[in-house]
Amino acid sequence: MNKNLITALYCRLSQEDEQQGESNSIINQKLILQKYAEEHRFPNIRFYIDDGYSGANFNRPNFKRMMADVEIGKLGIVIVKDQSRLGRDYLQTGMLMEITFPQYDVRFIAVNDGVDSINGVSDFSGIKNYFNDFYARDTSRKIRAVQKAKGERGDRVGTTILYRYLKNPEYKGNQKEHPLLIVNPETAPIVKRIFEMYASGIGIVKIYDILSKEKIISPSVYIFQRTCCRIGKPDLTRPYHWAQNSVRKMLSNQEYVGDTVNFKTYTKSNKLKKRLKNLPENILVFRDTHEAIIDRKTFEIVQRHFAGRKRPDKQGETDKYAGYLFCGECGKRLYLHRSKSFDESKNNFMCGGYQSQTTDCTSHYIRESVLDEIVLRNLRQVTEFARERTEEFYAMATSNGEAEAERFYKAAEREKQQLEKRIKELDNIIRCLYEDRVCGRITPERYDTMASGYEQEQTTLKEKLIAVTDGISEMDMRDSCIRGFIAKAKQYIEMPKLTPELLRVFTRKIEVFEKMEKYSRKVGNLINIHYAFQLPEQSGMPMLKMLLPSNMRETA
9 MNKNLITALY CRLSQEDEQQ GESNSIINQK LILQKYAEEH RFPNIRFYID DGYSGANFNR
69 PNFKRMMADV EIGKLGIVIV KDQSRLGRDY LQTGMLMEIT FPQYDVRFIA VNDGVDSING
129 VSDFSGIKNY FNDFYARDTS RKIRAVQKAK GERGDRVGTT ILYRYLKNPE YKGNQKEHPL
189 LIVNPETAPI VKRIFEMYAS GIGIVKIYDI LSKEKIISPS VYIFQRTCCR IGKPDLTRPY
249 HWAQNSVRKM LSNQEYVGDT VNFKTYTKSN KLKKRLKNLP ENILVFRDTH EAIIDRKTFE
309 IVQRHFAGRK RPDKQGETDK YAGYLFCGEC GKRLYLHRSK SFDESKNNFM CGGYQSQTTD
369 CTSHYIRESV LDEIVLRNLR QVTEFARERT EEFYAMATSN GEAEAERFYK AAEREKQQLE
429 KRIKELDNII RCLYEDRVCG RITPERYDTM ASGYEQEQTT LKEKLIAVTD GISEMDMRDS
489 CIRGFIAKAK QYIEMPKLTP ELLRVFTRKI EVFEKMEKYS RKVGNLINIH YAFQLPEQSG
549 MPMLKMLLPS NMRETA
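9 is the number of the first residue of the sequence shown in our numbering; add one for each residue after it.
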């Protein structure tokens, strides 16, 4: 034996192993391995310890350090408590024991399993590796089942606490009694300010420049200083450096409006640790499970901006029409075109369908300055009408689409009653089936088949009921939307120029149609403006026609 070579005593403990008791603890492993090494007079003892790492994961820091020492010829012996400490993937563990260690002349010993490579390969080592792998897969399957059940009933399954939240000390596993998340008074104003800046038209690059200049600590550094947990890669040498990706993720996180969003990502198996984005239909959203700091309207505006082109100009501001401007023919977005050789007066919009050639649409070319002038003039007229002739404006707004609203209410209420009735019937059917199974009138297999079908139908009906209820609530909000528009009209009296804030407050959608005479310099585009007080299903035209007959359709 070469006495200059290292005797590696490798210890590993995962969270699942820790639950089994003291026998697998790091302290116990170290005592067993040290005693064994001293009794057999192995030289140059060195510990390699990975605490809190799964055996199915071979990307462990000290395991990798040990293998690096093996490859450069520094190790002569590797000793573990049992084979499962080396790993629980039977393919990789078997390769280490039968190929890698013999290749580098490393003696492998598993104390409790009675394995010593100096005596040759044991026939039972492969079987033990398989059962160790089976244990890891079985544990993973059970944990996935528990997480799935938690996620489906609305409990938050993510382990990372958001930047603007704290974990509620009164939380005891019931979201309804005590929400898991409570607002952090230190960080909540920062998150709210970030959303407001982006909604007002300030780009992401300019936002994190502002935060860095004001010396606001970045989320990863703040969380590390507060909890000593590493989320991302906190750079303690630059605590005020905000990464562009962290701001973007924050702006797209629906949990900031008070919702719990489960199953956004998934892994294919317990051996593949890379998390993949889930399909939208597999993501579950539970509304209003904790206190919100961002109102839904602001959040929707931010997501609308994300959907449009987000490239900022030289001043760091994004296109103010992003998410609002659409083609009147094909429905695609209109995108802003800038050029270094153009001055601002020549900035123009063109149809996205025409640019990408995904539709047979035309360019719908319109200059930004012309569009600003038309929208601002129309906006001044509508808000002046709402401000000075409030009662008349309210009467017109409520009468517009009244027939459609009444028909919707009747149909929705009728459908809601039918869904609630069928859901109750299914509850009774499932209860009777269970009683029949307990009494032996039907077999367990027959019960499972029938009950799963009824439960699937009930799940589908509950989803439809939620959609119908949300639709009714949206119609109920019409009155508050109209009154809110009037209140904002009285607040915004001076409108010197069109800003992202004015678009956010007063408009919902702007449609640009093609010119009646193509390429004409005299005939302009037709523009249709949908205001915030109008129902989403309504066209913006009838209301504008009653208010402003001469400006029903502006031309550019």
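Built from N, CA and C at the ideal position, the CB exists for glycine as well.
For N356, the enclosing beta strand (DSSP E) has its first and last residue at N356 to C359. At the C-beta level, Y56 and A16 come within 7 Å of one another.
Annotation: D90 to V119 spans about 6 Å, alpha carbon to alpha carbon. D58 places its beta carbon less than 7 Å from that of F71. Judged by their CB atoms, Q42 and C19 are not nearer to each other than the 7 Å cut-off.
Of all C-beta pairs linking the stretch 106 to 118 to the stretch 80 to 94, three or more are shorter than 8 Å, placing the two stretches in contact.
Within the stretch 16 to 60, the complete beta strand (DSSP E) runs of at least 3 residues fall at 53 to 59. Remark: three or more beta-carbon pairs, one from each stretch, lie closer than 8 Å, so the stretch 461 to 469 and the stretch 424 to 437 are flagged as touching. In this structure, the straight-line span from the alpha carbon of E24 to that of I34 is close to 13 Å. In the structure shown, E423 falls within a helical segment according to DSSP collapsed to helix, strand and coil. As computed with DSSP, K175 is found in a beta bridge with L189.
Taking all protein chains shown into account, K175 has fewer than 16 neighbouring C-beta atoms within 10 Å of its C-beta and is therefore exposed. DSSP places L99 outside any beta strand (DSSP E); the residue lies instead in the alpha helix (DSSP H), whose first and last residues are Y98 to M103. Per DSSP, reduced to three states, the secondary structure at E519 is strand.
Taken in chain order, the whole alpha helix (DSSP H) runs of length 4 or more contained in the stretch 267 to 294 number zero. For L342, no alpha helix (DSSP H) encloses it; the enclosing beta strand (DSSP E) starts and ends at L342 to H345.
About 5 Å separates the Cβ atoms of D444 and I450, confirming a contact at the 8 Å cut-off. When the beta-carbon positions are compared, D141 and Y98 come within less than 7 Å of each other. Sixteen is the threshold: since fewer than 16 other Cβ atoms of the shown chains lie within 10 Å of the Cβ of S488, the residue is exposed. Going by C-alpha positions, C236 is about 26 Å away from V269. Check the Cα spacing between W250 and each of E299, V265 and K221: the tightest is with K221. Distance between I53 and D77, taken at the CA atoms: about 14 Å. For V86, the enclosing beta strand (DSSP E) starts and ends at L83 to V88. Partner residues in a beta bridge of F71, as assigned by DSSP, do not exist.
Secondary structure note for L219: its alpha helix (DSSP H) is the uninterrupted segment I212 to K221.
Straight-line spacing of the CA atoms in Q363 and L333 works out to 15 Å. Y343 is the residue among Y343, I215 and E392 whose C-alpha sits nearest the C-alpha of A330.
DSSP places A144 outside any beta strand (DSSP E); the residue lies instead in the alpha helix (DSSP H), whose first and last residues are D131 to E160.
Judged by DSSP in its simplified three-state form, L441 adopts helix. For N386, the uninterrupted alpha helix (DSSP H) segment begins and ends at E376 to E396.
In this structure, DSSP gives N436 a helical state, which the three-state scheme calls helix. In this structure, V520 places its C-beta atom within 7 Å of the C-beta atom of G336.
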